[in-house]
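Residue numbering for the sequence shown follows numbering that gives the first Met the number 0, beginning at 0 and increasing consecutively.
Contents: one structure, followed by commentary.
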Amino acid sequence: MLFLLIVSILILIAFLLILPPLWRKQSAQATDLDQRNILIAQNRLAELKESRQSGALSQAQYDDQLADLEQALSDDLEIKSHVTSTQSQGRWLVYVLVLGIPLLAGSLYLSLGNYQAISHSAEMAIDPDTLKLAEVNKMVAGLAEKMKATPDDAKGWIMLGRSYKALEQYPKAVEAFANAYRLLGDQVDIMLLYADAIAYASDKNLAGKPTELVFKALALEPDNMNALWLGGMAKAQQGDPATAIKLWRKLAALLPPESDAQKEINALLAKIESESPQAVAQSEASQAANVADVAITVKISMAPELQKLTSPSDTVFVYAQALSGPKMPLAIVRKQVSDLPLTVSLNDAMAMMPNMKLSNFAQVKLLARISKSGNAMSQLGDLIGVIDQVALTDKNEHMIVINDVVK
Numbered sequence: 000m001l002f003l004l005i006v007s008i009l010i011l012i013a014f015l016l017i018l019p020p021l022w023r024k025q026s027a028q029a030t031d032l033d034q035r036n037i038l039i040a041q042n043r044l045a046e047l048k049e050s051r052q053s054g055a056l057s058q059a060q061y062d063d064q065l066a067d068l069e070q071a072l073s074d075d076l077e078i079k080s081h082v083t084s085t086q087s088q089g090r091w092l093v094y095v096l097v098l099g100i101p102l103l104a105g106s107l108y109l110s111l112g113n114y115q116a117i118s119h120s121a122e123m124a125i126d127p128d129t130l131k132l133a134e135v136n137k138m139v140a141g142l143a144e145k146m147k148a149t150p151d152d153a154k155g156w157i158m159l160g161r162s163y164k165a166l167e168q169y170p171k172a173v174e175a176f177a178n179a180y181r182l183l184g185d186q187v188d189i190m191l192l193y194a195d196a197i198a199y200a201s202d203k204n205l206a207g208k209p210t211e212l213v214f215k216a217l218a219l220e221p222d223n224m225n226a227l228w229l230g231g232m233a234k235a236q237q238g239d240p241a242t243a244i245k246l247w248r249k250l251a252a253l254l255p256p257e258s259d260a261q262k263e264i265n266a267l268l269a270k271i272e273s274e275s276p277q278a279v280a281q282s283e284a285s286q287a288a289n290v291a292d293v294a295i296t297v298k299i300s301m302a303p304e305l306q307k308l309t310s311p312s313d314t315v316f317v318y319a320q321a322l323s324g325p326k327m328p329l330a331i332v333r334k335q336v337s338d339l340p341l342t343v344s345l346n347d348a349m350a351m352m353p354n355m356k357l358s359n360f361a362q363v364k365l366l367a368r369i370s371k372s373g374n375a376m377s378q379l380g381d382l383i384g385v386i387d388q389v390a391l392t393d394k395n396e397h398m399i400v401i402n403d404v405v406k
């Protein structure tokens, strides 16, 4: 009804603008024409009288021209009747417009329009969230079809996996991330996405393949916060709260102080520690025992010819690595060039991952590296010294001389 009322008002306004001038036009034209003809005849009669009085016209000439003037005026005044006739004939257009336009518009709207499309009730019946979800599903379906034609597009699989995860279609997300992992290999971000999707598809259970992927990622990036979170969750689900506490404590230390994420982790730690005090004690006792049992003493110095390439504030990393497998440090100490020469003791307390520590290996590789950038990852131009193989049972002091350049 509101729509019809609005349309009626608009049509009425249009008629008010168009019809009155059309109705009055002919009448105004007729009146103006009569007055003009009479005025012309009066002026011409005055001229004839003046010419007769001045002798320019004879009486016979005056009579003839006066008769012509009267005849011409009579003919001109007959136009009024024609105008009146035209006016009455032209007004039919007004009636046609008044009746025809509404009828034509109504007929077209009934055949082509849909009044429910603009009704308030129809608007309320459309759920914006449902409409948006339908659009997203359509886009994701299109991407899935595209990936069938380009199965080696790793970025496309990642995007598709993220989309399926957002839509809570976890089995499809697992398949997409599996393809990305197949193409990209052991990239930390991919492994974590893959592990998370598998866990969600299994009711958030990280046992099995997800745990394997998470700890493989942690071996590559010990400070990866997503990996620390998932690793702690996996250990908690496996009934190993001590390891979960250790991982989450490290995560809390990496998070911005007083951030919401750190507060959430601290609250979780407080809860698990209160529920498993024996796990806390076990973790601390195990860590202390490992520190006492496993240690490698290393003395570090720098070759004199390389001293000119360094500054006192340059960072010195002293660390142990497994002879094979991930290059993640099993224990690491950070110092400065100004501290050289120095002696350090590497032990399990310096481990970056609970499953990647000195006590898990019989032999290790020792390294000392000077980095101007302070980056924990080795870079071109760093200065380095290496002992290729050391047995953990060897309690002697091991000498490392920094005498080479990373190339």
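Here a beta-carbon is modelled for each residue, glycine too, at the ideal position from N, C-alpha and C.
On a predicted model such as this, the values are computed, not experimentally measured, just so you know.
{"Item": "Whole-angstrom distance between Ala243 and Lys356, CA atom to CA atom", "Value": "16 Å"}
{"Item": "Which listed residue (Leu166, Asp202, Glu144 and Asp195) has its alpha carbon closest to that of Asn225", "Value": "Asp195"}
{"Item": "Environment of Asp62 [buried if 16+ CB atoms lie within 10 Å]", "Value": "exposed"}
{"Item": "Nonlocal neighbours in the same chain, by C-beta distance under 8 Å from Leu254, ignoring five residues either side", "Value": "Met224, Ala260, Gln261 and Ile264"}
{"Item": "8 Å Cβ cutoff met for Lys364 and Val385", "Value": "yes"}
{"Item": "N-terminal and C-terminal residue of the beta strand (DSSP E) that Val187 is part of", "Value": "Unbroken run through Val187 is the alpha helix (DSSP H), Val187 to Ala200; no beta strand (DSSP E)."}
{"Item": "Backbone CA spacing between Gln388 and Ala269 [nearest angstrom]", "Value": "42 Å"}
{"Item": "Close beta carbons around Asn395, own chain, < 8 Å, minus the five adjacent residues each side", "Value": "Thr296"}
{"Item": "Element boundaries [alpha helix (DSSP H), containing Asp387]", "Value": "Here Asp387 belongs to no alpha helix (DSSP H); instead the beta strand (DSSP E) covers Leu382 to Ala390."}
{"Item": "Contact the stretch 205 to 220 vs the stretch 308 to 316: 3+ CB pairs below 8 Å", "Value": "no"}
{"Item": "For Ile157 and Ala179, believed in contact at Cβ under 8 Å, the rounded distance", "Value": "5 Å"}
{"Item": "Buried versus exposed call for Ser162 [16 or more other C-beta atoms within 10 Å across all chains shown]", "Value": "buried"}
{"Item": "Option nearest Ser358 by Cα separation, candidates Arg368, Pro328 and Asp67", "Value": "Pro328"}
{"Item": "For Thr296, the first and last residue of its enclosing beta strand (DSSP E)", "Value": "Ala294 to Met301"}
{"Item": "Sequence-distant residues of the same chain with beta carbon closer than 6 Å to Glu174, five excluded per side", "Value": "none"}
{"Item": "Nearest-angstrom beta carbon gap, Ala216 and Leu414 [assumed within contact, 8 Å]", "Value": "The requested residue 414 is not part of the displayed model; the chain covers only 0 to 406."}
{"Item": "Supposed contact pair Leu159 and Val135 - C-beta distance, whole angstroms, cut 8 Å", "Value": "13 Å between Cβ atoms; not a contact."}
{"Item": "Chain-order list of residues whose beta-carbon lies under 6 Å from that of Leu229 (same chain, five-residue window excluded)", "Value": "Val213"}
{"Item": "Ser310 in three-state terms, based on DSSP", "Value": "coil"}
{"Item": "Exposure label - Met349; buried when at least 16 CB within 10 Å", "Value": "buried"}
{"Item": "Exposed unless 16 or more other CB atoms sit within 10 angstroms - verdict on Gln320", "Value": "buried"}
{"Item": "Cβ-Cβ separation, Leu182 to Ala153 (assumed contact under 8 Å), whole Å", "Value": "4 Å"}
{"Item": "Member of Glu49, Asp338, Asp393 and Lys334 whose CA lies at the smallest distance from the CA of Ala361", "Value": "Asp393"}
{"Item": "Straight-line Cα distance separating Pro150 from Ala198", "Value": "24 Å"}
{"Item": "Where the beta strand (DSSP E) containing Leu379 begins and where it ends", "Value": "Note, Leu379: premise wrong, no beta strand (DSSP E); not H, not E."}
{"Item": "Complete runs of the beta strand (DSSP E) confined to the stretch 42 to 74 [at least 3 residues]", "Value": "none"}
{"Item": "Three-state secondary structure (DSSP) of Thr342", "Value": "strand"}
{"Item": "Pro340 classed as buried or exposed, judged by whether at least 16 other C-beta atoms fall within 10 angstroms", "Value": "exposed"}
{"Item": "Whole-angstrom C-beta distance between Ala367 and Asp347, which should lie under 8 Å", "Value": "20 Å between Cβ atoms; not a contact."}
{"Item": "Cβ-based burial, Ile12 [other Cβ within 10 Å; buried from 16]", "Value": "exposed"}
{"Item": "Element boundaries [beta strand (DSSP E), containing Met398]", "Value": "His397 to Ile401"}
{"Item": "Bridge partner(s) assigned by DSSP for Leu15", "Value": "Note: Leu15 sits in no beta bridge, so no partner."}
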